[in-house]
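Participant: Quick one: the structure is below, questions incoming.
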Amino acid sequence: MPIDRRTRKRLVTRQAISDAATLLFIERGFDNVTVDEIAEAADVGRMTVFNHFPRKEDMFFDRDEEGREKLLDALRQRDTNVAPIEAIRRFAHRAATEDPIYIVFFPGSQSFVETIEKSPTLIARARAIRDELAQTVTVALAESVGREPTDPDAHLAANLVLASWTVAFIQAHRVYQESQDAEKAKSIFLSVIDKGTRGIEAAMAGTPYAQASLS
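Right, dumping it as structure tokens:
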């Protein structure tokens, strides 16, 4: 469905604010930048900034919601012949190769990680995002196999998935920092994802999360 002009303008403004904020955060450190400075850099009013981003840290993690939706779509749209855990593994491979927006390694991405590491506020928000995503994936996994969101297996599977992704990101960025080799970093990321998936499948053996539908 085509996006109307008003929505396009809003998205452009939102992106301009996020870009200006991220540049300032990386240059000066997240905690040293004010909302007024971000508004001035983006050439918008202070209230316009808050209309798009309720919290300052949301400007830094502005792709979070989009990334969640793509992950959820991988589960919602999976072929019934593909187990949910395998669908998530395949999504990781697609995200790293076909749509490398979130899983990408270059000097800018390294600066992004370093900015997080230097800010207690961003570290706390990153942890909160991980916890929120774990809950979101729990519900999506349960729904994908017709179980209740309270299903213990869904909670275990989701948290194992997030643990694997966290390790994969950390190790891949460490390799990139040492080697400046984006392909090597991506290879490490996917290798950890694949190994983690095998472990999750073993833990989830006998559940619908690790096996394809028989229908």
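Position one of the sequence shown corresponds to residue 3 (my numbering), numbered consecutively onward.
Ideal placement from N, C-alpha and C gives every residue a C-beta, glycine not left out.
A quick note: this is a predicted structure, and the numbers were derived from the prediction, not measured.
#1: Using 8 Å for Cβ pairs, my map puts Val35 next to Leu26. What's the rounded Cβ distance?
#2: Just curious, the alpha helix (DSSP H) that Leu196 is in, first and last residue?
#3: Measure the C-alpha to C-alpha separation of Arg176 and His95 and round it to an integer number of angstroms.
#4: Quick one: using the 10 Å Cβ neighbour count with 16 as the cut-off for buried, is Asp153 buried or exposed?
#5: Less than 7 Å between CB atoms is the rule here; does Val141 satisfy it with respect to chain B?
#6: Note down the Cα distance separating Pro210 from Asp33, rounded to an integer number of angstroms.
#7: Check this for me: beta carbons of Leu74 and Ala142, under 7 Å apart or not?
#8: Report buried or exposed for Arg2, applying the criterion of at least 16 other Cβ atoms within 10 angstroms of its Cβ.
#9: Between which two residues does the alpha helix (DSSP H) carrying Tyr178 extend?
#10: Give me the residue from Ser181, Gln112 and Ala23 with the minimum Cα distance to Val51.
#11: Which of the three DSSP states is assigned to Gly208 in this structure?
#12: Looking at C-alpha atoms only, which residue of Gln112, Val139, Arg70 and Ile87 is the closest neighbour of Ser181?
#13: Which class does Asp6 belong to by DSSP, given the choice of helix, strand or coil?
#14: Would the beta-carbon of Ala76 fall within 7 Å of that of Ala212?
#15: What is the DSSP secondary structure of Lys120, reduced to helix, strand or coil?
#16: So what's Asn83 in DSSP terms, helix, strand or just coil?
#17: Cα separation between Ala165 and Gly198?
#18: Quick one: residues in its chain with C-beta nearer than 8 Å to the C-beta of Asp155, no 5 flanking neighbours on either side, listed in chain order?
#19: Cβ of Phe191 within 7 Å of Cβ of Ala170?
#20: For Ile105, report the span of its alpha helix (DSSP H) as first-last.
#21: Around the Cβ of Ser217, are there at least 16 other Cβ atoms within 10 angstroms (buried) or fewer (exposed)?
#22: Find the nearest neighbour of Thr15 within the set Ser121, Gly47, Lys188 and Glu29, judged by alpha-carbon distance.
Facilitator: So, from the listed chains and residues:
#1: Against the sequence shown, residue 35 aligns to sequence position 33. Against the sequence shown, residue 26 aligns to sequence position 24. Yes, Val35 and Leu26 are in contact; Cβ-Cβ is about 5 Å, under 8 Å.
#2: Mapped onto the sequence shown, residue 196 falls at position 194. Residue 196 is actually Asp in this sequence, not Leu. Taken as a continuous stretch (DSSP letters only), the alpha helix (DSSP H) holding Asp196 covers Ala184 to Ala205.
#3: Mapped onto the sequence shown, residue 176 falls at position 174. Mapped onto the sequence shown, residue 95 falls at position 93. Per the coordinates, the alpha-carbon of Arg176 lies some 19 Å from the alpha-carbon of His95.
#4: To locate residue 153, count along the sequence shown from 1; it is residue 151. Buried.
#5: Judged by its chain identifiers, the structure shown contains no chain B, having just a single protein chain.
#6: Position 208 of the sequence shown, counting from 1, holds the residue named residue 210. Position 31 of the sequence shown, counting from 1, holds the residue named residue 33. Rounded to whole angstroms, Pro210 to Asp33 spans 45 Å at the Cα level.
#7: Locating residue 74 in the sequence shown gives position 72, where the first residue counts as 1. Locating residue 142 in the sequence shown gives position 140, where the first residue counts as 1. With contacts defined by Cβ atoms closer than 7 Å, Leu74 and Ala142 form a contacting pair.
#8: Look at the range of the chain in this structure, 3 to 217, and you will see that residue 2 is not part of it.
#9: Counting from one through the sequence shown, the residue named residue 178 turns up at place 176. Element bounds for Tyr178: Pro154 to Ser181.
#10: On the sequence shown, residue 51 is found 49 positions in, with the first residue counted as 1. It is Ala23 whose Cα lies nearest to the Cα of Val51.
#11: Your numbering for residue 208 matches position 206 in the sequence shown. DSSP places Gly208 in coil when its eight states are reduced to three.
#12: Counted from its first residue, the sequence shown places residue 181 at position 179. Per the Cα distances, Gln112.
#13: The sequence position of residue 6 within the sequence shown is 4, counting from 1. When secondary structure is reduced to three states using DSSP, Asp6 falls in the coil class, being assigned neither helix nor strand.
#14: Counting from one through the sequence shown, the residue named residue 76 turns up at place 74. Counting from one through the sequence shown, the residue named residue 212 turns up at place 210. No, the Cβ-Cβ distance between Ala76 and Ala212 is not below 7 Å.
#15: Indexing the sequence shown from 1 puts residue 120 at position 118. If DSSP states are grouped into helix, strand and coil, Lys120 belongs with coil.
#16: For the purposes of this step, residue 83 is taken as the residue at position 81 of the sequence shown. When DSSP states are grouped into helix, strand and coil, Asn83 belongs to the coil group.
#17: Along the sequence shown, one-based indexing puts residue 165 at 163. Along the sequence shown, one-based indexing puts residue 198 at 196. Approximately 9 Å between the Cα atoms of the pair.
#18: Mapped onto the sequence shown, residue 155 falls at position 153. Hits under 8 Å: Arg149, Met206, Thr209 and Tyr211.
#19: Here residue 191 is taken as the residue at index 189 of the sequence shown, counted from 1. Here residue 170 is taken as the residue at index 168 of the sequence shown, counted from 1. Their beta carbons are under 7 Å apart, which means Phe191 touches Ala170 by this criterion.
#20: For the purposes of this step, residue 105 is taken as the residue at position 103 of the sequence shown. Run containing Ile105: none; DSSP gives neither H nor E here.
#21: Against the sequence shown, residue 217 aligns to sequence position 215. The predicted position of Ser217 is uncertain, since its pLDDT is 47 and thus under 50; no value can be drawn from it.
#22: For this step, residue 15 is matched to residue 13 along the sequence shown. Cα-wise, what sits closest to Thr15 is Gly47.
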